[in-house]
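Everything on this sheet refers to the single structure shown next.
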Amino acid sequence: MAASDTNPQSISDRVAAFITDLNLADAPPEITGVAETAFVDTVGVMLAGSCEPAAQLVCEMIDAEGAAPAVSIVGRALRTSPQNAALANGTATQALDFDLSFMSGQSAAAIIPALLPLAEHLDATAEDVIAAYIVGCEVCARVVRSFPTLSSEGGWHGAGIVGGIASAAACARLTRAPAETIPAIISIAASTASGLGENYGTMVKPLHVGHAARNGLMAVSLGTKGFSANASSIEGKRGFLASYGRGFDWEVSPFDDLGERYDLLDPAYKIKPFSCGGLLHSSIEAALHLRDAAQPRLERIERITVGATKHAAGRVIDQYPWSEDSSRFSLRYLIPYALIRGAPTLATFTEEAMDDDEVRALADCVSAYVDDEFPDTSASGHSPGRLTLYFEDGDKLEEVVYHASGSKEAPMSEETIKAKFDDCASQAVDDVTASQIYNYLRNLRDHKSLKDLWPLLSPQ
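All letters in the sequence shown, in the order written, are residues 509 to 968 by this note's numbering.
Structural data, given as structure tokens:
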């Protein structure tokens with residue numbers, strides 16, 4: 509049910525005003541550094557993800573289509589159209605489920621995959637790209653806060669449902685789309701929203717991000733050419749919120765503070781320490797905290813319970829993984845793995861790693877439940893975990909982690925962020941190139957043109 513809205517101005521009109529009026533000089537000064545870190549992390553995981561089967565298959569499809577070789581695809585020698593590049597980049601970004609979380613899951617994941625090819629096509633400045641990223645994230649945050657149960661109750665994948673609107677807003681800013689065309693741009697993007705939670709643990713999940721990134725560019729291309737669409741597509745009776753929020757509460761008041769406060773700063777995004785579903789990270793860290801105490805008596809564990817929010821409990825895979833993709837969401841794999849082998853790495857999510865008799869034996873002891881002490885804060889992205897180990901002699905060990913590493917409450921050090929980038933980038937480029945990319949993105953604001961970046965991202 510929609511909350512009453514006394515402001516006659518449509519949501520799309522408010523979004524249009526924010527997109528066109530934002531002056532980076534008037535925004536909080538620290539937000540530029542926050543955006544630069546997002547580019548570092550996202551491009552790193554995009555490089556690694558470009559080597560994954562899902563991204564490779566998308567690139568094979570793009571290559572077969574024979575589009576004009578206008579822009580680069582990150583991590584690939586292939587050149588293609590901006591929309592195709594956005595599709596490939598977006599799929600690569602989430603192929604490893606290592607991309608940063610913002611608001612409800614990875615709702616903003618499609619923004620940078622769309623901005624990179626568009627920036628190359630337009631020869632955009634770094635300042636313009638940073639401003640566009642901020643715009644996309646803030647619009648994304650308002651959509652999520654308008655309907656905080658979108659992912660937890662509706663069965664949707666937020667990155668696919670919200671991502672197209674977020675990428676469209678960002679790309680509209682980067683193209684300097686006329687304000688009068690932006691309501692249509694947002695409406696077109698809203699009508700392309702899609703992404704089912706049922707496809708978690710498959711190649712379709714990262715495809716949602718690629719699809720959203722491409723749709724954002726398509727919406728801008730069509731909208732600026734005069735393609736018609738209703739301005740009330742977000743809040744209308746048959747609009748985005750009413751359709752995807754059918755049966756649940758939603759409201760439009762979060763759009764009222766666009767440009768006045770910044771969700772990029774609070775609640776901020778979370779950089780993932782592990783290449784798997786972020787809803788599991790607190791529980792994995794709890795397992796790592798208990799590992800030393802549990803190691804001498806692993807064989808005497810009778811059962812392991814994982815307390816989670818309602819949102820998290822409904823998203824994890826409660827069985828042993830059957831594929832590399834499913835391993836990234838498997839509670840019964842990742843908790844025993846952390847207790848026995850330690851912190852998950854990129855190598856954890858391979859068939860060889862999954863074929864582990866010790867981990868498999870302990871997996872049968874693991875079960876999840878909804879912990880009533882944890883508020884279901886799905887819109888903020890917080891996902892606490894309570895891990896309890898019960899032993900045969902009646903003893904038990906318990907650990908609660910409220911905020912996983914990489915969150916605003918438990919920030920990553922610059923050293924750890926760089927180590928993650930280096931590990932990811934090494935999957936696609938040599939060490940020298942990886943260092944050049946890192947330094948370039950870490951100081952993104954210092955570059956007038958981005959021309960030197962594109963050959964680094966697309967190895968020949």
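Heads up, the beta-carbon is just placed ideally off N, CA and C, and yes, glycines get one too. As the structure is a computational prediction, the values presented were derived from the model and not from experiment.
Identify every run of the beta strand (DSSP E) within the segment 557 to 602, keeping only runs that are complete inside it and at least 3 residues long; order them along the chain.
none
Does the segment 940 to 953 come close enough to the segment 539 to 558 to have 3 or more Cβ pairs within less than 8 Å?
yes
Secondary structure at THR633, three-state DSSP: helix, strand or coil?
strand
When you compare only the Cα positions, how much space is there between GLU743 and PHE756?
So the alpha carbons of these two residues sit roughly 14 Å apart.
Taking the C-alpha atoms as reference points, what is the distance between VAL698 and CYS559?
Sequence inspection shows Ala at residue 698; the Val mentioned does not correspond to that position. Near 30 Å, if we compare the C-alpha coordinates of CYS559 and ALA698.
Here's a check: name, in chain order, each residue in its chain whose Cβ is nearer than 7 Å to the Cβ of MET509, leaving out the five neighbours to either side.
Caution applies to MET509, whose pLDDT of 43 falls short of 50 and renders its modelled position unreliable; the model cannot decide the point.
Per DSSP, what are the beta-bridge partners of LEU704 in this structure?
TRP664
CB contact flag (LEU725, ALA634, <8 Å):
No, the Cβ-Cβ distance between LEU725 and ALA634 is not below 8 Å.
ILE825 to LEU730, Cα distance in whole Å?
39 Å
Is LEU787 helix, strand or coil when you go by DSSP?
helix
Rounded C-alpha distance that separates ALA525 from LEU766
Looking at the two C-alpha atoms, the distance is approximately 9 Å.
Would you check if the distance between the CB atom of VAL874 and the CB atom of ILE848 is smaller than 8 Å?
no
Could you give the distance in angstroms between the alpha-carbon of ILE576 and the alpha-carbon of ASP938?
According to the sequence shown, residue 576 is Ala rather than Ile. Approximately 28 Å, taken between the alpha carbons.
Tell me whether TRP758 sits in a helix, a strand or coil according to DSSP, three-state version.
strand
Compare the beta carbon distance of SER891 and ALA816 with 8 Å and say whether it is the shorter of the two.
yes
What residue from VAL553, PHE547, PHE882, TYR841 has the CA that sits closest to GLU866's CA?
TYR841
Work out the CA separation of PHE899 and GLN827 for me, nearest whole Å.
21 Å
Ignore the nearest five residues each way along the sequence and tell me which others in PHE763's own chain have a CB closer than 6 Å to its CB.
ILE519, ARG522, ARG650
My output table needs one value for GLY709: the three-state DSSP class, helix, strand or coil.
coil
In the segment 674 to 751, which residue ranges form an unbroken alpha helix (DSSP H) of at least 4 residues, counting only runs that do not cross its ends?
690 to 699, 712 to 731
If you scan the segment 875 to 962 from start to end, which runs of the alpha helix (DSSP H) of 4 or more residues do you find wholly inside it?
922 to 933, 939 to 950
Spell out a yes or no on whether the segment 901 to 911 and the segment 780 to 797 are touching, meaning 3 or more CB-CB pairs, one atom from each, closer than 8 Å.
Look at the beta carbons and you see the segment 901 to 911 touching the segment 780 to 797: at least three pairs across the two are nearer than 8 Å.
Can you name, in chain order, every residue of its own chain whose Cβ lies under 7 Å from the Cβ of ARG681, other than the five neighbours on each side?
Cβ-Cβ distances below 7 Å link ARG681 to ILE527, ALA639, ALA640, VAL643 in the same chain, with the five nearest sequence neighbours on each side left out; the list follows chain order.
If you draw a straight line from the C-alpha of GLN968 to the C-alpha of ARG584, how long is it?
8 Å
Expressed to the nearest angstrom, what Euclidean distance is found between the alpha-carbon atoms of GLU759 and ASP534?
28 Å
Between the C-alpha atoms of TYR877 and ALA821, what's the straight-line distance to the nearest angstrom?
7 Å
Same chain only: Cβ atoms within 6 Å of SER512, ignoring 5 sequence neighbours per side
Bear in mind that the predicted position of SER512 carries a pLDDT of just 38, short of 50, making it too unreliable to give a figure here.
Would you tell me roughly how many angstroms separate the C-alpha atoms of THR514 and ASN531, rounded to the nearest one?
Note that THR514 scores a pLDDT of 38, beneath 50, so its modelled location is shaky and nothing firm can be said.
Can you tell me whether GLN827 is helix, strand or coil according to DSSP?
coil
First through last residue of the alpha helix (DSSP H) which encompasses VAL867:
865 to 871
CB-CB length for VAL553 against THR599, believed under 8 Å:
Wrong, their Cβ atoms sit about 12 Å apart, outside the cutoff.
Which of the three DSSP states is assigned to ASN515 in this structure?
Low confidence applies here, because ASN515 scores a pLDDT of 45, under 50, leaving its location unreliable; read the following figure in that light. Coil.
Which residues does DSSP pair with LEU766 in a beta bridge?
ARG769
Grouping DSSP H, G and I as helix and E and B as strand, with all else coil, what is ILE638?
Correct three-state label for ILE638: helix.
Please report the distance separating the alpha-carbon of ALA674 from that of ILE812.
39 Å
Going straight from the alpha carbon of GLU881 to that of GLU573, what length do you get?
If you take the alpha carbons of GLU881 and GLU573, they lie about 52 Å apart.
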